[in-house]
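One structure is given here, and the rest of the page talks about it.
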Amino acid sequence: MAASPGPAGVGGAGAVQGSGPSGFAFDSGLEIKTRSVEQTLLPLVSQITTLINHKDNTKKSDKTLQAIQRVGQAVNLAVGRFVKVGEAIANENWDLKEEINIACIEAKQAGETIAALTDVSSLNHPESDGQITIFTDKTGVIKAARLLLSSVTKVLLLADRVVIKQIITSRNKVLATMERLEKVNSFQEFVQIFSQFGNEMVEFAHLTGDRQNCVHGGTRM
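Below is the structure:
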């Protein structure tokens, strides 16, 4: 997904927020400090806002119904791909596994709810009068959208913690190697350990450089 924020957007270093004529608003209180998290959320916020802010009195033409259904399906498919990545991260990081998995389950359920409520392809047929859709249960869509954005944000912020953990681990390796350098007994040993130190410094610089470029405003860690 790639889109610019519509009526809803992501604050520079605050929580994800959005509002529109429908009264849709999301503010999970989850602080977003990195551009990578923000850029992942922006298209999702934009699509959901477009979906929710459709006019209730819009004539339910086939074109309108198909457009609404396409957006709902796109959101659900994107969430499905996102959840798979989140689950993979969880499996590699046992200390965050439970939190990430819970957020992934919430995101998946919310995406499926949005897909179900936007399944409006048969609304022009008389036999579909009792079908629950975005036209008859807009509150349900708004609730699902809030849960979706909240859970996706949680997964992203938890994944961000994984990056921080990698940086700390890399730094500790560098410090440990520096201590070994101070205790060398021969030139050969110095060359060997210094080579290791150089490789570890390159890795550390790479991790911290990526992180600094990602942080809002280039704020230093």
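Just so you know, we're using the UniProt record's numbering here: the sequence shown kicks off at 1 and counts up by one.
All residues carry an ideal CB built from backbone N, CA and C; glycine is no exception.
Check: Expressed to the nearest angstrom, what Euclidean distance is found between the alpha-carbon atoms of K138 and L149?; Outcome: 17 Å
Check: Is the separation between the beta-carbon of V75 and that of I114 shorter than 8 Å?; Outcome: yes
Check: Sort E189, T169 and Q192 by Cα distance to A205 and report the nearest one.; Outcome: T169
Check: Can you look up V162 in the DSSP assignment and give me helix, strand or coil?; Outcome: helix
Check: Return helix, strand or coil for K97, following the three-state DSSP convention.; Outcome: helix
Check: Which of the three DSSP states is assigned to S22 in this structure?; Outcome: Unreliable placement is indicated for S22, whose pLDDT of 40 sits below 50; the coordinate value is still reported in the next sentence. DSSP places S22 in coil when its eight states are reduced to three.
Check: Could you tell me the distance, in whole angstroms, from the CA atom of residue 227 to the CA atom of Q69?; Outcome: What the structure shows of the chain is the stretch from 1 to 221, and residue 227 is not part of that stretch, so it cannot be assessed.
Check: Helix, strand or coil: which one does DSSP assign to E182?; Outcome: coil
Check: Given that a residue counts as buried once 16 or more other Cβ atoms are within 10 Å of its Cβ, and exposed if not, what is F187?; Outcome: exposed
Check: Which residue wins for smallest C-alpha separation from residue 232, given the options K97, I48 and V71?; Outcome: In the structure displayed, the chain extends from 1 to 221; residue 232 sits before or after that span and is not available.
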